[in-house]
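Take 0 as the starting number for the sequence shown in numbering that gives the first Met the number 0 and just add one per residue. Here a beta-carbon is modelled for each residue, glycine too, at the ideal position from N, C-alpha and C. On a predicted model such as this, the values are computed, not experimentally measured, just so you know. I have placed the structure first, in the form of structure tokens, so that the comments after it can refer back to it.
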Amino acid sequence: MTDTLLSYDAALAEFDPALGLEVHVELNTATKMFCGCPTAFGAEPNTQTCPTCLGLPGSMPVVNTVAVESAIRIGLALNCRIAEWCRFARKNYFYPDMPKNFQTSQYDEPIAFDGYMDVEVDGETHRVGIERAHMEEDTGKSLHVGGSSGRIHGADYSLVDYNRAGIPLIEIVTKPVLGTGDKAPEVARAYVGQLRELLLGLGVSDVRMEQGSLRCDVNLSLAPKGSGTLGTRTETKNVNSLRSVERAARYEVQRHAAVLAGGRRVFQETRHWHEDTGVTTSGREKSDADDYRYFPEPDLVPVAPSREWVAELRATLPEPPHERRARLQREWGFSDLEMRDTVGAGALGLVEDTIAAGTPPQAARKWWLGELARRANETETEIGALGVVPADVARVQSLVDEGTLNDQLARQVFDGLLAGEGTPDEIVAARGLALVSDEHALSAAVDSAIAANPDVADKIRDGKVAAAGALIGAVMKEMRGQADANRVRELILERLT
Ligand SMILES: [Zn+2]
């Protein structure tokens, strides 16, 4: 069944959107949240388990100090208050990939609460309130075998891998984000993007959305314009790229608006995002009263971080993102617009690393935001997931600076990089891309271009130097683009003026 959608503009003319974002971050600790099992990704199924993370009777959990430290640092970076005393709680529900039949989480006593993050969209700052950041553990993974979809429906049997069960997670929940108007989907995307940047800066997670170490649920509701109330919300689960965060929010705005405009009501439910078709579909009905029978975890001592420890951890925080952006803009001499585009494309760190590898700021910007952002757009890929790294871009630029490549040839090197053909130097060699520096070959091409275009040559002899463009074009064509256009121009003018 396909949903009816209202056009985005019509939806915004009648309704105010309210966003809510829940982000789960897998921490990069060496061991799990409550046991000493390793957390490395991609190991043989069920080889990183023990009685505690399998929930066997009699096993006792112990809190991972590094995970608590990461949780506090995340809370501080999000301008949260840090609890002086808090507990874990059991969230009771049955699911096959959760061997204990409860998840050890936090309920009404989160370690961090009441913070905010300022998010920039198109030069405007939106303050996103942070309700809480709490500690919990991940579940295992189910694998459904047989059937065509990989889903449980139609499968012959299912397998469970508990390697991920018990990996530390931090869940970061925003307060309702209001007043963003038609920018709501972009604010959602920018929030997750900046949060990812912040977590990367803290070094607490590898924040790979495509591997699931950062997962986002997008809550959305609409209320009649100007009413100041909150509508019924839906929760779109596991939206796994920044682009999808924006698309899913936009889709739900249009879907809610069509439902409400038709005089029906929105069901409070979870929705599934479908990356391929760009739609959400109904999941399960959800009420605020879902009864997880929370109670304080009796097997774990409360977490009571001393104020001295919190102060020590505060001192380890990296430069806040907005200060960092302002400093980099000054250092690089970027205009506001250039900086905004760089941040918006998710390329700040990439540009920074490219510059650190010796590339002039404007050249780094040109390649990432011109060439590579365009390719990322075309292939609907995140710019950081293209497979091109800052060192490659820096090398391409130095080949341009050395005169081995011109911009045209450099673009072909990027083609090779995107196709996984090796390093820039290997691609230049394999594709034969280097500029012809052989003066004999160049001179011969210039002479034959002059001979073939006597009328153009006469114009230049008469002082119309601008006409040289036609001859340069002819030489470049003859040299299949592998000539330095400036040198070609010099050779032409030497002969004709
Ligand atoms: Zn274990």
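Beta-ladder partner(s) of residue i, from DSSP
i           : result
residue 115 : 128
residue 140 : 160
residue 269 : 234
residue 422 : In DSSP, residue 422 forms no bridge with anything.
residue 261 : DSSP, once it has assigned bridges, lists no residue as partnering residue 261.
residue 90  : 102
residue 85  : 302
residue 280 : 271
residue 30  : 37
Own chain, CB closer than 6 Å to residue i, minus 5 neighbours either side, in chain order
i           : result
residue 32  : 63, 66, 136, 165, 167
residue 27  : 204, 205
residue 269 : 234, 236, 282, 283, 285
residue 398 : 404
residue 174 : 128, 130
residue 340 : 368
residue 396 : 358, 362
residue 184 : 245, 248, 249
residue 124 : 117
residue 108 : 85, 86
residue 15  : 222, 224
residue 466 : 455, 458, 459
9 Å Cβ cutoff met for residue i and residue j
i           : j           : result
residue 19  : residue 203 : no
residue 134 : residue 29  : no
residue 557 : residue 471 : Nothing about residue 557 can be read from this structure; the chain reaches only from 0 to 496.
residue 481 : residue 432 : yes
residue 258 : residue 3   : yes
residue 139 : residue 145 : no
residue 462 : residue 419 : no
residue 195 : residue 213 : yes
residue 381 : residue 345 : yes
residue 13  : residue 223 : yes
residue 198 : residue 24  : yes
residue 434 : residue 468 : no
residue 115 : residue 77  : yes
residue 92  : residue 250 : no
residue 412 : residue 427 : yes
residue 141 : residue 157 : yes
residue 21  : residue 321 : no
residue 209 : residue 384 : yes
residue 366 : residue 378 : no
residue 255 : residue 219 : yes
residue 473 : residue 452 : yes
Sequence-distant residues of the same chain with beta carbon closer than 7 Å to residue i, five excluded per side
i           : result
residue 36  : 30, 47, 48, 49, 52, 165
residue 490 : 441, 442, 445
residue 89  : 101, 103, 293, 294, 296
residue 161 : 45, 48, 52, 53, 98, 139
residue 407 : 480
residue 356 : 389, 390, 393
residue 151 : 143, 157
Per-residue burial, residue i [other beta carbons within 10 Å of its own, 16 or more giving buried]
i           : result
residue 163 : buried
residue 192 : buried
residue 230 : buried
residue 545 : Look at the range of the chain in this structure, 0 to 496, and you will see that residue 545 is not part of it.
residue 100 : exposed
residue 305 : exposed
residue 391 : buried
residue 188 : buried
residue 243 : buried
residue 338 : buried
residue 326 : exposed
residue 477 : buried
residue 425 : exposed
residue 266 : exposed
residue 311 : exposed
residue 370 : buried
residue 497 : In the structure displayed, the chain extends from 0 to 496; residue 497 sits before or after that span and is not available.
residue 277 : exposed
residue 415 : buried
residue 59  : exposed
residue 373 : exposed
Other residues of its chain near residue i: CB distance less than 8 Å, five sequence neighbours each side excluded
i           : result
residue 253 : 4, 5, 6, 7, 10
residue 81  : 71, 74, 75, 110, 111, 304, 309
residue 464 : 492, 496
Any non-hydrogen atom of ligand 3 within 8 Å of residue i CB
i           : result
residue 225 : Annotation note on ligand 3: not contained in the displayed structure, which lists ligand 1 as its ligands.
Chain B contact for residue i (CB, 9 Å cutoff)
i           : result
residue 341 : The structure shown has no chain B; it contains just one protein chain.
- Closer than 6 Å from C-beta to any heavy atom of ligand 1: which residues, in chain order? The answer, residue by residue, is 31, 34, 36, 48, 49, 51, 52, 165.
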